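Data block below; observations after.
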Amino acid sequence: MKITQMHKQKDTVLSFEIFPPKKDDELKNIDATLDILCELNPDFISVTFGAGGSSNNNRTIELAKKIKYQYHVEPVVHLTCLSYDKKDIDEFSRILTSEGIENVLALRGDRNPDIPEKDEFHHASDLITYLKRKNDFGIAAACYPECHPESANRVEEMRHLRKKVDAGAEVLLSQLFFDNNYFYRFVEDCRIAGIDIPITPGIMPVINAKQIKRMVTMCGASLPERFQKIIYKYGDNKDALFDAGMSYALSQIIDLLANDVDSIHLYTMNNPIVARRICEGIRNII
Ligand code: FAD
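This is the structure:
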């Protein structure tokens with residue numbers, strides 16, 4: 297089913313994000329993770345894709361196939377473009393189509409000095425235009441409630457986001473954030489800019505202190521004082537931080553749903569216990 301169809305059919309669309317394991321034997325273990333994730337009945341599971349030059353990208357497709365045919369859950373395949381040319385994208389598209397994959401999250405990918413860029417796709421909007429011209433995928437794109445780190449300001453960011461939507465993005469999945477107010481303001485800005493497609497907040501339950509530092513460095517999400525206090529108080533106590541991180545994420549999700557947000561994308565970090573705890577916490581809500 298196409299991702300837009302899910303939004304038409306469901307009051308609340310719930311999705312999980314996972315990444316393909318790096319080693320072959322871990323790919324076998326992913327079944328234990330998927331057993332739990334799929335029991336939770338997500339509308340789709342998205343599978344991340346390397347920024348380029350990575351043989352792991354074949355595992356993205358393998359994992360997406362497993363999700364679709366073994367677990368009967370709709371996969372969304374992430375696809376980056378900076379380090380690929382049109383021939384590469386044609387080949388990925390051909391494989392995805394022949395495997396019955398219906399949805400793609402079309403991304404530029406992060407710049408990486410170790411991975412050469414191919415100079416054919418410069419922005420996600422280029423990839424979306426190209427995919428739309430030649431294929432029939434449901435297309436999602438990324439968005440950033442606190443601005444993409446390379447954007448000069450919110451106005452510029454909004455203009456570029458508008459290009460992705462005009463090119464054919466049908467749903468936006470957001471970068472993680474810890475302060476819902478950024479998300480509410482962002483959605484309002486999008487609506488003012490005439491972007492009226494579904495915008496799904498991305499929530500990452502933070503369950504260890506190392507993960508927080510890495511995530512914030514990578515994506516620039518700001519840490520509200522309430523969240524910082526939790527890290528300060530429980531950062532050295534693994535079990536306490538797990539409980540506190542889960543409660544924080546749950547309170548974010550409940551606030552979003554109470555404010556009529558109609559979809560949640562959970563960054564599971566391949567930890568099914570996290571997804572299960574979150575789903576238990578909203579069992580009577582969605
Ligand atoms: P773009 O939309 O191209 O935007 C990137 C920057 O360029 C922004 O500052 C934007 O304002 C600017 N820009 C856009 N269009 C134009 C234009 N026409 N002219 C000038 N400037 C422009 N990365 C991975 O490698 N693999 C993944 O699986 C992955 N999954 C992700 C999932 C989600 C939900 C999100 C939010 C991000 C994910 N990323 C992933 C990270 C993503 O690749 C990076 O954030 C990347 O730096 C930007 O990708 P984008 O598709 O948003 O790029």
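Here the sequence shown is numbered in our numbering, starting from 297 and rising by one per residue.
Even for Gly, the Cβ is constructed at its ideal location relative to N, Cα and C.
Since the structure is predicted, the reported quantities are computational estimates derived from the model, not experimental observations.
Practice item. Please work out which residues of its chain come closer than 7 Å, Cβ to Cβ, to Asn431, disregarding the five sequence neighbours upstream and downstream, and give them in chain order. Key: Closer than 7 Å at Cβ, skipping near neighbours: Ser389, Thr393.
**Study point:** Sequence-distant residues of its chain with Cβ nearer than 7 Å to Cys515 (five each side left out)
**Key:** Excluding five sequence positions before and after Cys515, the CB atoms of its chain that fall closer than 7 Å to its own CB belong to Gln471, Leu472, given in chain order.
Review point. DSSP three-state call for Ala420: helix, strand or coil?
Key: Three-state DSSP puts Ala420 in a helix.
Practice item. List the endpoints of the continuous beta strand (DSSP E) containing Ile526. Key: Note, Ile526: premise wrong, no beta strand (DSSP E); alpha helix (DSSP H) at 521-530.
Check your understanding: CB of Ser559 to nearest heavy atom of the ligand FAD: below 7 Å?
Key -> Ser559 Cβ: outside cutoff for every heavy atom of the ligand FAD.
Check your understanding: Where does Ser342 sit, in a helix, a strand or coil, going by DSSP?
Key -> Residue state, collapsed to three classes: strand.
Review point. Which two residues bound the contiguous beta strand (DSSP E) that contains Glu370?
Key: Here the beta strand (DSSP E) through Glu370 covers 370-376.
Exercise for review: Could you pull the start and end residues of the beta strand (DSSP E) that Tyr563 belongs to?
Suggested key: Where Tyr563 is concerned, the enclosing beta strand (DSSP E) starts and stops at 559-563.
Review point. Where does Ile499 sit, in a helix, a strand or coil, going by DSSP?
Key: In the three-state reduction of the DSSP assignment, Ile499 falls in the strand class, which pools E and B.
Check your understanding: First and last residue of the alpha helix (DSSP H) that includes Gly577?
Key -> That run of the alpha helix (DSSP H) goes 568-577.
Point to revise | Cβ pair count under 8 Å reaching 3, the segment 545-555 against the segment 474-488 | key: Judged by Cβ distances under 8 Å, the segment 545-555 makes contact with the segment 474-488, as three or more pairs qualify.
Review point. From which residue to which residue does the alpha helix (DSSP H) around Leu392 run?
Key: It spans 382-394 - the alpha helix (DSSP H) in which Leu392 sits, taken as one unbroken run.
Check your understanding: Secondary structure at Leu330, three-state DSSP: helix, strand or coil?
Key -> Note: Leu330 maps to helix in three-state DSSP.
Review point. Val372: buried (16+ other C-beta within 10 angstroms of its C-beta) or exposed?
Key: Flag for Val372 reads buried.
Review point. Measuring from the CB of Gly434, is there a heavy atom of the ligand FAD at a distance below 7 Å?
Key: Set against 7 Å, the gap from the CB of Gly434 to the closest heavy atom of the ligand FAD is not smaller.
Review point. Which stretch, first to last residue, makes up the beta strand (DSSP E) that contains Cys439?
Key: That run of the beta strand (DSSP E) goes 434-439.
**Study point:** Cutoff 7 Å; reference Tyr367; Cβ partners in own chain excluding five residues on either side
**Key:** Closer than 7 Å at Cβ, skipping near neighbours: Leu330, Cys334.
Point to revise | Of the residues Leu427, Asn580, Glu576, the one placed nearest Leu336, counting alpha carbons only | key: Selected option, being the one with the closest Cα: Glu576.
Review point. By Cβ distance, which residues of its chain are closer than 7 Å to Ala536, with the 5 residues on each side in sequence left out?
Key: Around Ala536: Tyr530.
Practice item. My understanding is that Arg450 touches Ile491, with C-beta atoms under 8 Å, so please give their C-beta distance in whole angstroms. Key: Under the criterion of beta carbons closer than 8 Å, Arg450 and Ile491 do not qualify as touching, at roughly 13 Å.
Check your understanding: Roughly how far, in whole angstroms, is the beta-carbon of Ala360 from the beta-carbon of Leu401, given that I think they are within contact range, below 8 Å?
Key -> The distance from the Cβ of Ala360 to that of Leu401 is about 11 Å, inconsistent with a contact at the 8 Å cut-off.
Exercise for review: Can you give me the start and stop residues for the alpha helix (DSSP H) that Phe479 sits inside?
Suggested key: Here the alpha helix (DSSP H) through Phe479 covers 476-488.
Review point. Do Leu469 and Thr425 have their CB atoms nearer than 8 Å?
Key: No; because the gap between Cβ atoms is not below 8 Å, this pair is not in contact.
Practice item. Check whether the Cβ of Lys383 sits closer than 7 Å to any heavy atom of the ligand FAD, and report yes or no. Key: Flag unset: Cβ of Lys383 not near the ligand FAD.
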